[in-house]
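There are 2 protein chains.
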Amino acid sequence: MTTPTQEGTDGSGTLEIVPLGGLGEFGMNMMAVSWGETTIVIDAGVMFAEPELPGVDLIIPDLSYLESRAGQVRALVLTHGHEDHIGAAPYVVPLVDGPVYGTPLTLALVEPKLAGHGIDAADRLVPIRPRDRVVVGDFEIEFLRVTHSIPDCVALAVHTPVGTIVHTGDFKIDQTPLDGEHTDLHRFAELGSAGVLALFADSTNIERPGFTGSEIEVVGAFEEIFTSSTGRLIVAAFSSSLYRMQILVDLAAQFDRKVAFLGRGMMENSQTAMRLGHLRVPDGLLIRDSDVANWPAQDVLCITTGSQGEPLAALSRIAIDDHRHVKLGPEDTVVLSARAIPGNEKAIGRVMNHLSRRGVRLIHEGLKKVHVSGHGSAEELKLVLSLVRPRYFVPIHGEYRQLAQHARVVAQATAGAPAPTEVLLLEDGDILHLDADGARRAGRAPAGRVLIDGTRVGEVGDEVLRDRRHLSADGLLVPVVAISKQTGEVEGVPEIIARGVVIDPDDEGLLAEAARVLSDVVAAASVEERTDQGLIAERIRVEVRRYFRKRTGRRPLVLPVIMEI
Amino acid sequence: MTTPTQEGTDGSGTLEIVPLGGLGEFGMNMMAVSWGETTIVIDAGVMFAEPELPGVDLIIPDLSYLESRAGQVRALVLTHGHEDHIGAAPYVVPLVDGPVYGTPLTLALVEPKLAGHGIDAADRLVPIRPRDRVVVGDFEIEFLRVTHSIPDCVALAVHTPVGTIVHTGDFKIDQTPLDGEHTDLHRFAELGSAGVLALFADSTNIERPGFTGSEIEVVGAFEEIFTSSTGRLIVAAFSSSLYRMQILVDLAAQFDRKVAFLGRGMMENSQTAMRLGHLRVPDGLLIRDSDVANWPAQDVLCITTGSQGEPLAALSRIAIDDHRHVKLGPEDTVVLSARAIPGNEKAIGRVMNHLSRRGVRLIHEGLKKVHVSGHGSAEELKLVLSLVRPRYFVPIHGEYRQLAQHARVVAQATAGAPAPTEVLLLEDGDILHLDADGARRAGRAPAGRVLIDGTRVGEVGDEVLRDRRHLSADGLLVPVVAISKQTGEVEGVPEIIARGVVIDPDDEGLLAEAARVLSDVVAAASVEERTDQGLIAERIRVEVRRYFRKRTGRRPLVLPVIMEI
Numbered sequence: 268m269t270t271p272t273q274e275g276t277d278g279s280g281t282l283e284i285v286p287l288g289g290l291g292e293f294g295m296n297m298m299a300v301s302w303g304e305t306t307i308v309i310d311a312g313v314m315f316a317e318p319e320l321p322g323v324d325l326i327i328p329d330l331s332y333l334e335s336r337a338g339q340v341r342a343l344v345l346t347h348g349h350e351d352h353i354g355a356a357p358y359v360v361p362l363v364d365g366p367v368y369g370t371p372l373t374l375a376l377v378e379p380k381l382a383g384h385g386i387d388a389a390d391r392l393v394p395i396r397p398r399d400r401v402v403v404g405d406f407e408i409e410f411l412r413v414t415h416s417i418p419d420c421v422a423l424a425v426h427t428p429v430g431t432i433v434h435t436g437d438f439k440i441d442q443t444p445l446d447g448e449h450t451d452l453h454r455f456a457e458l459g460s461a462g463v464l465a466l467f468a469d470s471t472n473i474e475r476p477g478f479t480g481s482e483i484e485v486v487g488a489f490e491e492i493f494t495s496s497t498g499r500l501i502v503a504a505f506s507s508s509l510y511r512m513q514i515l516v517d518l519a520a521q522f523d524r525k526v527a528f529l530g531r532g533m534m535e536n537s538q539t540a541m542r543l544g545h546l547r548v549p550d551g552l553l554i555r556d557s558d559v560a561n562w563p564a565q566d567v568l569c570i571t572t573g574s575q576g577e578p579l580a581a582l583s584r585i586a587i588d589d590h591r592h593v594k595l596g597p598e599d600t601v602v603l604s605a606r607a608i609p610g611n612e613k614a615i616g617r618v619m620n621h622l623s624r625r626g627v628r629l630i631h632e633g634l635k636k637v638h639v640s641g642h643g644s645a646e647e648l649k650l651v652l653s654l655v656r657p658r659y660f661v662p663i664h665g666e667y668r669q670l671a672q673h674a675r676v677v678a679q680a681t682a683g684a685p686a687p688t689e690v691l692l693l694e695d696g697d698i699l700h701l702d703a704d705g706a707r708r709a710g711r712a713p714a715g716r717v718l719i720d721g722t723r724v725g726e727v728g729d730e731v732l733r734d735r736r737h738l739s740a741d742g743l744l745v746p747v748v749a750i751s752k753q754t755g756e757v758e759g760v761p762e763i764i765a766r767g768v769v770i771d772p773d774d775e776g777l778l779a780e781a782a783r784v785l786s787d788v789v790a791a792a793s794v795e796e797r798t799d800q801g802l803i804a805e806r807i808r809v810e811v812r813r814y815f816r817k818r819t820g821r822r823p824l825v826l827p828v829i830m831e832i
Numbered sequence: 268m269t270t271p272t273q274e275g276t277d278g279s280g281t282l283e284i285v286p287l288g289g290l291g292e293f294g295m296n297m298m299a300v301s302w303g304e305t306t307i308v309i310d311a312g313v314m315f316a317e318p319e320l321p322g323v324d325l326i327i328p329d330l331s332y333l334e335s336r337a338g339q340v341r342a343l344v345l346t347h348g349h350e351d352h353i354g355a356a357p358y359v360v361p362l363v364d365g366p367v368y369g370t371p372l373t374l375a376l377v378e379p380k381l382a383g384h385g386i387d388a389a390d391r392l393v394p395i396r397p398r399d400r401v402v403v404g405d406f407e408i409e410f411l412r413v414t415h416s417i418p419d420c421v422a423l424a425v426h427t428p429v430g431t432i433v434h435t436g437d438f439k440i441d442q443t444p445l446d447g448e449h450t451d452l453h454r455f456a457e458l459g460s461a462g463v464l465a466l467f468a469d470s471t472n473i474e475r476p477g478f479t480g481s482e483i484e485v486v487g488a489f490e491e492i493f494t495s496s497t498g499r500l501i502v503a504a505f506s507s508s509l510y511r512m513q514i515l516v517d518l519a520a521q522f523d524r525k526v527a528f529l530g531r532g533m534m535e536n537s538q539t540a541m542r543l544g545h546l547r548v549p550d551g552l553l554i555r556d557s558d559v560a561n562w563p564a565q566d567v568l569c570i571t572t573g574s575q576g577e578p579l580a581a582l583s584r585i586a587i588d589d590h591r592h593v594k595l596g597p598e599d600t601v602v603l604s605a606r607a608i609p610g611n612e613k614a615i616g617r618v619m620n621h622l623s624r625r626g627v628r629l630i631h632e633g634l635k636k637v638h639v640s641g642h643g644s645a646e647e648l649k650l651v652l653s654l655v656r657p658r659y660f661v662p663i664h665g666e667y668r669q670l671a672q673h674a675r676v677v678a679q680a681t682a683g684a685p686a687p688t689e690v691l692l693l694e695d696g697d698i699l700h701l702d703a704d705g706a707r708r709a710g711r712a713p714a715g716r717v718l719i720d721g722t723r724v725g726e727v728g729d730e731v732l733r734d735r736r737h738l739s740a741d742g743l744l745v746p747v748v749a750i751s752k753q754t755g756e757v758e759g760v761p762e763i764i765a766r767g768v769v770i771d772p773d774d775e776g777l778l779a780e781a782a783r784v785l786s787d788v789v790a791a792a793s794v795e796e797r798t799d800q801g802l803i804a805e806r807i808r809v810e811v812r813r814y815f816r817k818r819t820g821r822r823p824l825v826l827p828v829i830m831e832i
């Protein structure tokens, strides 16, 4: 099996593929593909820590494998601009001697991340378009348009000396894409006809039967909501959901509402999208968040961050009546226009309870079709499989059970074919070798999760890359606060337990002072905030950590314990 | 407005209703209804701590309000046998001077709980049937059949001197109930015609549109599963889902599979249900768990606990290949036949990942219709509302957002009626007064959550009722273990941080020995168990607590910290 565009001359070599993230968890997607002295990296994603997982902000893949190939990593190739595909770029780009390929939107979203880490890579960011091809060593990389929940996404066909591999990125088959950019089924079919060695395909929604449906399917529900809303309308969504934003902006224009973006991610991404033409906003429609209060309630739409219940996001502040510019009342409507990422249900539920206390009308995916997934369901995955009809198949992007289910579905779907596809169920760190003799697992590369003890929004350039070993060396702090569930009052004196935190003998008062910081944080919080374990714990974590970092330069793991009395 | 069966003579009094649990959370449902010197308690439920909420096992409502009425609490009235309605009975019954009313199944499920706490209440357990009426002081309590996910459920009509109140319990309107026992819509209608003062209705599924559907809707999916299963078939469900068990037993008989119940709750409840005729099992069909391995895989159905990812349940042990009698392989099928209780998604996901590693075919609600809720959806709730057409409406059984949504739905549904229903949005501890002048909130009673630091399955009679104040007085232990994510090896020496744990000066070695216990626990665990934070944390919690209790008689709060390295 060869490809029509084979560049390499040494057909006797071995292609080595190592998934470094995303095979065994959702997020931190990354894969290394090597031939001889050339390695390319596909995607560089983060995984978000859960709102209630204290102690860390971000998680990225272990980069040891790339470090071991120093000088040979020739390109980073990005499929699209979601955090779980580009968020680790600031940590990966320094290990790459070569360009960063991506579509204009993807690169526009990566660029400020790199700048925030003091990396000036402007001349290495190489924009590509669908059907473009670029050559890196013995690889020729071809980009194929796919549809997803963010615009300007691509899949990859990597033509190698031993054959073509196809990497779907994240995708669904949206038959009515808002921007008219259809999934390039024609090219997938051509590649399949020419012969594909291996397909690596998204497994996120393999457990959903049928087809996922088009992004425009939310329009009907939102039309109803706009029609029936008599007060303010607040819609929370992922800040990368630019199609969703366009739908909302268009409806706002139609229903005579001004639009305000709330939360840093919304503000930044909407600006970027407008600059690149992915978000078209009529003149005069936008207002600033600080102007929301100056407009009649029924004339305003706010599009906000916080759909995952993140304790410090705009929606969470609004929910406890603690947002500077937006106060809600019984006439207002709040829409959660996003799925709950598993693990976030409790945090989202708490935000919904707080919003209900404001008396608002609350709408979510369970009540109306205000969200459509960006990932293809089982039938879409089978369709791409049957177009590409690869010799080998590797499920990617999922926890183990999704990968296993995808493997099962593919084995069943191809069982009757003249040349059945062989399924390889890999996990992060598994080394896959492909050569003239076929495909096989060939040992393990270092892989795992590296925790980023980042700073919060607004404090750029102060992130620290480290692993649990370092966390453990910096020690552990357990702030303990007892709060009356009934009154929200603090009972007793808040304390901080320290373990392994090296304290300068001259600084005996450190822990006592930290305990005072803790008391102040709790005292400054509202009763509603204090009686919400998730909110108050996050507030304590951030403030205690900030205090310790400032005073000692150390970053202990901070695990608040809130005792309800 | 009066009722046809009014017993009281003093029409000038005030009916006092205090929800003590279930209005602001799912679980621990309990409500006190008082007239003069007589108080009755409706339900006495627990709330389960989440699998990953360390430190407590059960949560029950604060009982201070009932304690303040000592000698006047004349009856406990149970609507059905679910834990969130009867689980707190051992703590409530001692406060009741009078009978415990419930259907035969409900009482059969309560009785062993009471016995386990050394309460011999056999002569106070008074079985009732639908349409029965009992008199307690000035109250006449009438029982109405409703359908739900467990058999033998009732709603209540409490006829009081100021009018009739209706309490739905938990219900849906199953039009094809497996046991032929239909919801008594006729009597709801009669009560509505005669005039109902207040309706208290289940809000659990208010966010779901339409009708919930009948329990028998799962039969089709299970028929497919039985037909296509070539190995063992393992179905995890709530141990109270007796209808589900009957469906599975019938299919097992039809498809020539023996049936084994796994897990204590399954074994006990199936025995009780068979004794009372709620579960009919053909002779020779049942086998013991210890016999599972002696039958060919394709001849066995196991019905097991663990559908919520509980770390110590049978399914969790099977998933990590650590069950004494049941080992799974690629030919086997596992079905999760239950919804995920919010907050349990991560734990369930982990069990599913472990099961996938065993290579089994894994089926859950997202893939096939293997579960139907027992709670009515919006249209069912509206139907009962329009039959009962109460003067006042109080949503019960839900977090604040469900109560608020139910209030909104009812206000809309009755807005056009000649005499619109007035909606009262109460929370736990709100005192509601109803008299000739109408209904109003009249202050607050003590309410909240009391934590039960129980013992595990099998250690009866050693549960401790206490609140966080006591927990805090017994101190806090934080076992810290660093485990390599890659290898599952323990790194460094596990330690235990103690705060506020009073240690006898003669017992200096206590903490050091506890740390050894901790090391032993971790060493004895399998790699798969060690690299699953939820499983190893729960194992550590249980063992460290047991050690401290045995050595010191104290029960500190134990919060394990697992550092992945």
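Just so you know, the sequences run in chain order A and B.
Each residue of the first sequence is one higher than the last, beginning at 268 in the working numbering.
Each residue of the second sequence is one higher than the last, beginning at 268 in the working numbering.
Ideal Cβ placement from N, Cα and C applies to all residues, glycine included.
In this text the structure is predicted, and so the values were computed from the model without any measurement.
In three-state terms, what does DSSP make of residue i?
i	result
residue 763 of chain B	strand
residue 379 of chain B	helix
residue 281 of chain B	coil
residue 644 of chain B	strand
residue 653 of chain A	helix
residue 295 of chain B	coil
residue 390 of chain A	helix
Counting contacts by CB-CB distance shorter than 8 Å, is residue i in contact with chain B?
i	result
residue 565 of chain A	no
residue 786 of chain A	no
residue 623 of chain A	yes
residue 296 of chain A	no
residue 715 of chain A	yes
residue 312 of chain A	no
residue 828 of chain A	yes
residue 468 of chain A	no
Please report the residue range of the beta strand (DSSP E) in which residue i lies.
i	result
residue 705 of chain B	705-711
residue 414 of chain A	Run containing residue 414 of chain A: none; DSSP gives neither H nor E here.
residue 453 of chain B	Where residue 453 of chain B is concerned, there is no enclosing beta strand (DSSP E), although the alpha helix (DSSP H) it sits in stretches over 452-461.
Assuming residue i and residue j form a contact by the criterion Cβ under 8 Å, report the distance between their Cβ atoms to the nearest whole angstrom.
i	j	result
residue 351 of chain A	residue 413 of chain A	With a Cβ gap of about 16 Å, residue 351 of chain A and residue 413 of chain A do not count as contacting.
residue 715 of chain A	residue 753 of chain B	6 Å
How far does the alpha helix (DSSP H) with residue i in it reach, from first residue to last?
i	result
residue 623 of chain B	612-624
residue 517 of chain A	509-521
For residue i, which option in the options has the closest C-alpha, if you only look at C-alpha atoms?
i	options	result
residue 593 of chain A	A:641, A:516, A:498 and A:512	A:498
residue 472 of chain A	A:644, A:355 and A:455	A:644
residue 763 of chain B	B:478, B:824 and B:715	B:824
residue 595 of chain B	B:623, B:611 and B:580	B:623
residue 787 of chain A	A:774, A:776, A:795 and A:803	A:803
Quick check: is the beta carbon of residue i nearer than 8 Å to any beta carbon in chain A?
i	result
residue 667 of chain B	yes
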